[in-house]
Structures are given as C-alpha cells and as structure tokens.
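Data block below; observations after.
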Amino acid sequence: MTETNSRRNNWWIISGMTLLTIVWFGAVIATPGVALADPPNRDPNPRDPAFGSQGRVTIPFDLGGDWNDRGNAIVRIPGTGQLVIAGQVTSASGVAGESDFGIAMLNPDGTLEPGFGNVDDGLTVHSFGTPETDAAWDLVPVLQGTPPEWRLLVVGQTQQTGSSDIDTGLMYLKPDGMLDLLAPHNGRYIVGWPLTDRLTAAATFDDQRSAVVAGTSETATGTDWFFFKIGENFDVNVVYYDSISFTDVATLEDVATYSDGKVVAAGSVDYHGDARMIVARMTPDGILDIDFGTDGLVEIEVDFDGAADDRAFGVAVDTEDRAIVVGTIGTDDGPMLFMTRLTWTGAVDTDFGNNGYVWMQSMGCEATEARDVVLDPVGTIVIAYEVSCSGNRDFRINRFDQAGQYIEGWSIPFDEITNGDDRPQGITALPDGKIVVAGRVQSVTSDLDFGVAEVTTDVIFAEGFESKGWWGADWNWSP
319 MTETNSRRNN
329 WWIISGMTLL
339 TIVWFGAVIA
349 TPGVALADPP
359 NRDPNPRDPA
369 FGSQGRVTIP
379 FDLGGDWNDR
389 GNAIVRIPGT
399 GQLVIAGQVT
409 SASGVAGESD
419 FGIAMLNPDG
429 TLEPGFGNVD
439 DGLTVHSFGT
449 PETDAAWDLV
459 PVLQGTPPEW
469 RLLVVGQTQQ
479 TGSSDIDTGL
489 MYLKPDGMLD
499 LLAPHNGRYI
509 VGWPLTDRLT
519 AAATFDDQRS
529 AVVAGTSETA
539 TGTDWFFFKI
549 GENFDVNVVY
559 YDSISFTDVA
569 TLEDVATYSD
579 GKVVAAGSVD
589 YHGDARMIVA
599 RMTPDGILDI
609 DFGTDGLVEI
619 EVDFDGAADD
629 RAFGVAVDTE
639 DRAIVVGTIG
649 TDDGPMLFMT
659 RLTWTGAVDT
669 DFGNNGYVWM
679 QSMGCEATEA
689 RDVVLDPVGT
699 IVIAYEVSCS
709 GNRDFRINRF
719 DQAGQYIEGW
729 SIPFDEITNG
739 DDRPQGITAL
749 PDGKIVVAGR
759 VQSVTSDLDF
769 GVAEVTTDVI
779 FAEGFESKGW
789 WGADWNWSP
C-alpha cells in the first residue's frame, strides 16, 4: 500500500494495494491457504410468535396502484425504544411516478404504533405539494425545549411532476407523525439551488439539539457537495457550511459527527469513468478541516483488476474519533464490499484489518455491496450489505471487531418471492447490542414494501424487539 499526492486535485490517493483481508461469506481468508471455520448454524428458538416472521417485519403502505415503497433509513428513539423508518412511497393518487415521504413507526415488539400516523396505524405520509415526486433519504431524532421533547427531522428530495429540477426537502414531525405546524416554515422547508439537488444524509450534534444535513447539487461545471445546519426548533441555516466543488459527477451518501462537533461525509466522484471514494471533514464552524487529509479531503482509489469503480456508501465515527468508511470496489467478478478506518488526521489506520483495509465478496455471487455501517455499544462494527446471487438479492449483515477482524455474518432472506429484490439501506444498534436493519423487500405480488429485521448480538434472528421504555399516554416523546 502506498499513499501518493495527486496533482490533479491535490488530495491523498490510496493505491497499490497488496496485503489485504478478504472476507468470503462464511469464512475468512486471512492469508493464502489459511481459512477460519464457517460459523455454526444456530437455532434461534424460542422465537416470539407475536413478532412478524422469525424476527422480520414487512410494512406495506400500498396507497397507489403502482405499489413501490422503499425504506431508506432507520433510527431508534432513545428512551422509548421505538424504531422509525423513512423512505419513498407511491402516492395515493396512483399516478405513475408520483411519490411521497413515507414514515413508519414500530414499537419495540415490532408492532406498528397506533398513536403515530395519518394514513393507518404506524404509517404517516407527507408531500411538498401535488403533483410531486418526493423521497425521504434519511432521518434523525432531535431534541427541543425544556423539558426536552423529541421531534423527527426527515430529509430528502422533491420534484414537481414534469419538471427536471429536483430540490432538497426538509420535514419536522411531532411524536404523532404529523408536521409541526408551530415550528418555522410550518414544519416543511424546500431549499432550491439553480439545478438538480438531492438532500441525502443527516446527523446530529450539540447533544442532539442540532443537525447537519448534506447532499449534492449539480452545477454548470460539475457537482457540489453542500452542507447546512438545522438548529433547535427547525432553525434552518442554509449558509452555515462551505460547499465542496467537483468538476465531475459526485455523490454524497452519508455523514457522521465527531465528539467535538466536526462532521465527516463520505461518497464518490466519477472522473469520466474512474470512480473514487471521497471523504471530507468539516469543522463545527462549517469550513473544511485542514487538519484532515489534504485541505480537508481524502480520496481513496483501489482500482482492483483495473475496474476503477470505487464508491463509499457509509461512514461512522468510533469512540476514539476514527472514521470507519464502507463501500464497494469494482472487480472483474462484480462489486466487492470494502472497509477502511481513517485516523484523526485522515491517514489510513494500518492497525485496522490487514494494513488498514478489509475486502469482502460472497462466494458464487455477482455482487457484494455495502449500504450502511453502525457501531454497537461495545464498539463492534456492523455492516449492512446486499448480495446478488443468480438474480436473487438479500439482506446480509457482517460483524467485525474493533481491529477490523471478521467475527461472523448472516443472511436475512425475507423469502416472499423467488429471486426477490430485497435490499438493505439503513442500520441501527440497540443499547443491548441487537442490530436492526431496514430497506425494501419484494412481495409475492412483486410490489416493493418496507422491510425490517432485528438480529441478536451473535447474528441470529431476534426473539422479538425488546422494550427500552414506554410510550406514555400523554404522547410526550421524551427520553
């Protein structure tokens, strides 16, 4: 492994990979000819018969004739243990292409919360107007007031039907899933740059009273990554953060925050067919952090087999303020899962994985693609990823210790349809170490629904979601 300075953009280029850890599904190949045993099949009984099917829940909104509901993100509400999933759902109008923000709330036992929603128990749908194509990409719980109460900040995109312009959209929801009409902008805000823009990620800081939101905006010469701050009570400060300009197509996929309020973002930039991972860090004041990488930016280029298709999809920050970056790298045999850890200065941490890196591919499958990463309460790294095998896509989860060494992994087939299109998008960890992953699943009628699964700390299907609190009769969303 070598690190060289790229004159093209004056960022760090990470290339020349020789030593690596390759994790095949079910076994670890640490060095050629050395393999660890497959994890044993575990009997998950006793299962909770009141919870879905073996620790899994499918959530159909099914509001329009073209049922195409996709879960994109999941969070846990501290204090109550409830889970909230946000995504894109087909509009009730049934008009092809029209969609809304869809948000679902599950109780800790996996049942839909009847006190939340405007279309059915546990289900709420909001739009920025009609006709529109709206999609929620991320959400975070934020605190406001004294004593503190929870609100949900939901971020995504909105596009008027017939228009090529996509704008960023923010919604601020009360504990019952309704818009907070007493907040500024009546709980709904559109940020419009001149060309197409998408708001894709959010993270909290300031003891969960503020949030940073981030996305991409097309420009006349390429793409900008943009960042801005949401203060308490939906205080939108669009000019708070710098933007980062690229002269090519770039995507921003995820953001996370450090203990001191700095923000790290991960995504990729495509240099005319040569895609590379990009990691950026901003200071709490909203400017690029010159103490990270080169002028606040790190570029990761693997180019395995000359495939030149390296993309970051998730980032998390551990208790020692090191950034865990996950994504996919292109190979002649299809995409591989990739993970690395960056030190405080943005250098690759050579104490992680094998010389700083982990690669993984599922044997016999065409693609292994990371979607999100989370750290459990003891610092174990958990990756949600999808595999494509002979036309069938499934949720999968892998666990790694703090040194980047593989622990075990598990497949989570929903099995609602043969060769189904099931894709995880978001992951969260519970205080007891259980992991919940959400995404989309294909039903027996071939439409798409939200899918949620919970697994125990040793990656078997959970017996049901455990309660971490109680939803009070006064609907006060307090920790």
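Numbering-wise, the sequence shown is residues 319 to 797 according to this note's numbering. For every residue, glycine included, the Cβ atom is placed at its ideal position computed from N, Cα and C.
Considering just the uninterrupted stretch of the beta strand (DSSP E) at residue i, what are its terminal residues?
i, result
"W455", "450-462"
"P742", "741-747"
"S561", "Careful: S561 lies outside any beta strand (DSSP E) and carries neither H nor E."
"Y799", "No statement about residue 799 is possible, as the shown extent of the chain runs from 319 to 797 and does not include it."
"R374", "374-377"
"F419", "417-424"
"M654", "654-660"
"T612", "First-last for T612: undefined, no H or E at that position."
"G769", "766-773"
"N555", "553-555"
"I605", "Looking at the DSSP string, I605 is not in any beta strand (DSSP E), and its letter there is neither H nor E."
"A756", "753-760"
"R469", "467-478"
Residue i and residue j look like a contact to me (Cβ under 8 Å); what is the Cβ gap, rounded to whole Å?
i, j, result
"T541", "A520", "Rounded, the Cβ-Cβ distance is 19 Å, inconsistent with contact."
"P731", "T686", "Not confirmed; about 16 Å, so no contact."
"G505", "G435", "No, G505 and G435 are not in contact; Cβ-Cβ is about 16 Å, not under 8 Å."
"P695", "A771", "P695 to A771, Cβ: 19 Å. No contact."
"I701", "A688", "6 Å"
"A634", "A593", "The pair is not a contact, with the Cβ atoms about 22 Å apart (cut-off 8 Å)."
"V581", "M600", "4 Å"
"L430", "L401", "Wrong, their Cβ atoms sit about 11 Å apart, outside the cutoff."
"A422", "G440", "6 Å"
"F631", "D690", "7 Å"
"A598", "I562", "6 Å"
Where does residue i fall in DSSP's three states?
i, result
"W622", "A quick correction: the sequence has Phe, not Trp, at residue 622. Here F622 sits in helix by DSSP."
"G397", "coil"
"H503", "helix"
"A707", "Checking the displayed sequence, the identity of residue 707 turns out to be Cys instead of Ala. Correct three-state label for C707: strand."
"A404", "strand"
"L488", "strand"
"F732", "coil"
"G722", "coil"
"T537", "coil"
"G632", "strand"
"P444", "Contrary to the premise, residue 444 reads as His rather than Pro in this sequence. Residue state, collapsed to three classes: strand."
"R594", "strand"
"K580", "coil"
"L381", "coil"
"A665", "coil"
"M600", "strand"
"G515", "One point to set straight first is that residue 515 is Asp, not Gly, in the sequence displayed. It is a strand residue."
"R527", "coil"
"T646", "strand"
"D694", "coil"
"V567", "strand"
"S276", "Residue 276 cannot be examined here, being either before or after the span of the chain that is shown, 319 to 797."
"D438", "strand"
"F670", "coil"
"E431", "coil"
"V700", "strand"
"T763", "coil"
"R689", "strand"
"N359", "Confidence in N359 is poor, its pLDDT being 38 and thus under 50, which makes the residue's placement unreliable; the coordinate value appears in the next sentence. Coil at N359, not helix or strand."
"D639", "coil"
"W574", "Sequence check: residue 574 is Ala here, not Trp. A574 falls in the strand class under three-state DSSP."
"G727", "strand"
"D712", "strand"
"A521", "strand"
"V413", "coil"
"G738", "coil"
Got a sec: does the ligand FAD put a non-hydrogen atom nearer than 6 Å to the Cβ of residue i?
i, result
"H503", "Among the components modelled here there is no ligand, and therefore nothing to report on the ligand FAD."
Using a C-beta cutoff of 7 Å, does residue i count as contacting chain D?
i, result
"S482", "Although the question refers to chain D, the structure presented lacks it and comprises just one protein chain."
Contact the stretch 478-498 vs the stretch 449-459: 3+ CB pairs below 8 Å: The answer is yes - the stretch 449-459 touches the stretch 478-498, with three or more Cβ pairs under 8 Å.
contact_flag[the stretch 572-591, the stretch 638-650] where n(CB pairs < 8 Å) is 3 or more: The stretch 572-591 makes contact with the stretch 638-650, as at least three CB pairs between them are under 8 Å.
The stretch 458-478 contacting the stretch 486-494, beta-carbon criterion three pairs below 8 Å: Yes, since at least three Cβ pairs between the stretch 458-478 and the stretch 486-494 fall closer than 8 Å, the two stretches touch.
Validate contact between the stretch 651-667 and the stretch 611-628 using beta carbons, cut 8 Å, 3 pairs: Three or more beta-carbon pairs drawn from the stretch 651-667 and the stretch 611-628 are found closer than 8 Å, and the two stretches are therefore classed as touching.
Touch test, the stretch 666-678 against the stretch 605-612, Cβ-Cβ under 8 Å, three pairs minimum: No, the stretch 666-678 is not in contact with the stretch 605-612.
The stretch 745-763 contacting the stretch 400-418, beta-carbon criterion three pairs below 8 Å: Counting C-beta pairs closer than 8 Å gives three or more between the stretch 745-763 and the stretch 400-418, which meets the contact rule.
Cβ contact check for the stretch 436-445 and the stretch 414-427: 3 or more pairs under 8 Å: Enough Cβ pairs lie closer than 8 Å, so yes.
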